[in-house]
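Working notes for the structure below.
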Amino acid sequence: MLIRMRSGATESDVDYVTRRVHSLGLSTHVTRGDGQVFISLLGDLSALDYPALEGLRGVESVTNPQRSFRLTSRDFEARDTIVAVENLQIGGEQVVVMAGPCAVESRNQLLETAQQIRESGAQLLRGGAFKPRTSPYSFQGLAEEGLELLAEAREATGLRVVTEVMTSEHVELVGRYADILQIGTRNMQNFMLLSEVGQSGMPVLLKRGMSATVEELLLSAEYIMARGNHRVILCERGIRTFETATRNTLDLAAVPVLKELTHLPVVVDPSHGTGRATLVKPMSRAAVASGADGLLIEVHPDPETALSDGPQSLSPRQFADLMVEVSAVAAAVGRWL
Ligand code: PEP
Ligand code: MN
């Protein structure tokens with residue numbers, strides 16, 4: 659169990675709380691990071707009076723990871739986790755940008771996009787080779803041929819590659835070409851697939867289920883981590899609500915909420931989160947201001963002809979403009995792009 663102290667809590671508050679906990683026959687482990695103090699409680703917690711602890715001087719919140727998530731929690735690791743992909747660090751000071759088409763459609767489309775997003779400052783190329791489409795009659799992706807094109811684009815540009823894996827059987831195949839395995843919103847609770855990518859040891863971009871709570875997202879991350887793979891990056895990509903003005907409701911409050919609960923990096927996908935190209939730049943700015951560690955943005959050389967997600971895709975020129983504006987926001991919050 660984890661007690662999070664208020665940001666203004668004094669050493670005497672921390673002392674007071676730990677003494678109270680010790681008087682209950684429990685031991686404590688205090689961790690400090692970024693001006694925050696966390697007190698982990700160890701021992702038999704079965705008879706613990708949570709509201710009483712919540713009322714103690716200087717206490718911000720009390721969470722019990724034994725009742726839900728553990729390895730993902732700040733109780734397990736108070737400091738921010740950095741997921742390294744070669745020399746790229748996700749979750750550090752740099753805000754990383756993953757950009758590219760919704761789907762890999764052709765060699766020209768992919769290589770042109772890769773070249774242009776790299777010039778604008780992106781670090782990772784995204785693009786689906788296996789596409790989870792709502793209709794079986796929609797373009798399903800180029801499968802392994804798409805993966806080969808991603809590898810070629812990686813070779814040509816030096817960009818790292820993030821791409822979706824939809825089934826356990828494909829983890830090995832996709833892992834041969836990708837630097838980061840993406841788990842899509844529709845598969846967030848495909849527990850066999852989560853265990854399989856957990857086994858792979860590769861970095862995983864875990865997208866929030868479109869109807870999933872923050873706690874369910876963390877429990878899915880827990881499946882991956884429980885297999886010994888701690889290289890998990892969470893992604894807020896919008897949830898379903900009654901609102902129809904946007905494709906999904908981008909839950910930006912989830913970013914600081916996740917930052918409180920977990921040490922894992924959090925990226926935001928304003929493309930699926932809004933479904934509309936005109937909203938991608940303002941929500942990217944907002945995402946970075948809210949503390950996101952990265953952005954996932956769909957870019958297509960000719961969005962009008964895209965085989966999937968054209969209405970939310972930016973042209974390379976719009977993407978270049980976004981990068982300039984988002985850089986200014988990053989600088990304002992002590993980060994860089
Ligand atoms: C995608 O990234 O193109 C995608 C299919 O995302 P999601 O799973 O969030 O819908
Ligand atoms: Mn898409």
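Count along the sequence shown from 1, then add 658; that gives the number in our numbering. Built from N, CA and C at the ideal position, the CB exists for glycine as well.
- Between Val946 and Phe977, the beta carbon gap of about 15 Å keeps them out of contact (Cβ cut-off 8 Å).
- As the crow flies, the alpha-carbon of Leu684 is around 11 Å from that of Ser704.
- Counting along the chain, Gln798 sits inside no beta strand (DSSP E), nor does DSSP assign it H or E at all.
- Here Gly867 is buried, its C-beta having at least 16 other C-beta atoms within 10 Å.
- The three-state secondary structure of Val926, taken from DSSP, is strand.
- C-alpha of Pro790 to C-alpha of Thr821: approximately 12 Å in a straight line.
- With the criterion CB distance below 5 Å from any heavy atom of the ligand MN, the matching residues run Cys760, Asp967 along the chain.
- No Cβ-Cβ contact shorter than 7 Å links Ser942 with Pro961.
- Taking C-beta atoms as the reference points, Ala950 and Val913 count as a pair closer than 7 Å.
- Taking the C-beta atoms as reference points, Phe696 is found nearer than 7 Å to Arg732.
- When secondary structure is reduced to three states using DSSP, Arg885 falls in the coil class, being assigned neither helix nor strand.
- In this structure, Gly786 has its beta carbon less than 6 Å from a heavy atom of the ligand PEP.
- For Ala742, the uninterrupted beta strand (DSSP E) segment begins and ends at 741 to 743.
- The beta carbon of Leu746 is closer than 7 Å to those of Val754, Gln781, Arg818 in its chain, skipping five residues each way along the sequence.
- Close CB contacts of Val915 within its chain, under the 7 Å cut and outside five residues either way in sequence, are with Val872 (chain order).
- By the Cβ test, the region 831 to 844 is in contact with the region 803 to 818, since at least three Cβ pairs between them sit closer than 8 Å.
- Between Thr843 and Arg895, the alpha-carbon positions lie close to 8 Å from each other.
- Per the DSSP secondary-structure output, Gly952 pairs in a beta bridge with Val754, Val925.
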